[in-house]
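Trainee: Following this message is one structure expressed as structure tokens.
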Amino acid sequence: MKEIPTEKSNSTSTTKEQVSEVKKEDYYSYLDNVDRTNVQSSTVESFLMYDNTNPKSLQDNTNNIFLARVISIDKADVDANIPETDSNSILPDTYGRLEVLKQIEGTTPDQVSFIRSGGIIKEKDRFRNAEKEEVDKHNRLRTEAGRPPITQSDDWVEVREAGDIELQAGEVYLFFATYSEERDAYVLEGYQYGALLLEDDEQPISRTRSLPNQIGKTWKIKNAASGEEQDLGDYLKNELGIEMQEN
């Protein structure tokens, strides 16, 4: 895995059937209190054992597919990562909660914890598990630049897989996931290809009553990275071999 430095980022970022509309204040993101104009941004390139750009491959390498609303984005951390000798491999995970609104494949509780690779984290926390030699190397460079030790840095840094997106609290996505007993959470897989934004303006999912095998006939999904939109029913049928009744 290698890291590619980029410029600063200045981007901004219930119940299933009883809620008439989504209110932003009902959902939480720790990023709401972060000054996004001062977040350093870096991308990494990693190599998966499967092709996450291929929906069928992504399906075959996960256990669950569902539509879920992001209830909270709680933090980014590196505690769950194995310490690395190369800081370029230190990729934080984002932790939060989901409300599962529609099971597509597999079953889950109505609310689940999630873990997703990448996130926005303070530099001192990102390097907490790094090898001493790597921390020392960075500190030498920081000293030459007149900056404090990295273990004291409160600067925020965004570290993501190249091309990946940031989840938004309150939004609904089609997720591909696998439950981890060790971490007691659903690991969201596939980066931007495994978190497809639900477009439901005509038939809001929070107000659409449907049977387990039904979806809204106007529902679309969007890859927020590429901007590509598809009819949800067509995507499930043609790409994954899953037929849902559209109503």
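All residue numbers for the sequence shown refer to the numbering used here, where the first residue is 25 and numbers rise by one. Note that CB positions come from ideal geometry on N, CA and C, so glycine has one too. The structure presented is a predicted model; accordingly, all values stated were derived computationally and were not measured.
#1: Applying the 10 Å Cβ sphere with the 16-neighbour rule, what's the burial state of Q116?
#2: Sort out for me which residues DSSP pairs W180 with in a bridge.
#3: How many angstroms separate the CA atom of T242 from the CA atom of G251?
#4: In the DSSP output, what is S141 paired with across the bridge?
#5: Which residues in the same chain have their Cβ closer than 7 Å to the Cβ of Q216, if we skip the five residues on either side of it in sequence?
#6: So, for I139: in the same chain, excluding its five sequence neighbours on each side, which residues have a beta-carbon less than 8 Å away from its beta-carbon?
#7: Decide if the segment 87-101 is in contact with the segment 128-139; the criterion is three or more beta carbon pairs, one per stretch, under 8 Å apart.
#8: Within 10 Å of its beta-carbon, does L165 have 16 or more other beta-carbons around it, so buried, or fewer, so exposed?
#9: Within the continuous alpha helix (DSSP H) that includes L212, where are the two ends?
#10: Look at I245 and L125 and say whether their C-beta atoms are less than 7 Å apart.
#11: Leaving out five residues on either side along the sequence, give the residues of the same chain with a beta carbon under 7 Å from the beta carbon of G218.
Mentor: Taking the coordinates as given:
#1: Per the sequence presented here, residue 116 reads as Pro, with Gln not at that position. By the neighbour-count rule (16 or more Cβ atoms within 10 Å), P116 is buried.
#2: K146
#3: 18 Å
#4: D117
#5: G187, D188, I189, N247, A248 and A249
#6: A104, D117, T118, Y119, S204, R207, A209, Y210, V211 and L212
#7: yes
#8: exposed
#9: No alpha helix (DSSP H) contains L212, which is instead part of the beta strand (DSSP E) from A209 to L212.
#10: no
#11: N76, L82, F199, F200 and L212
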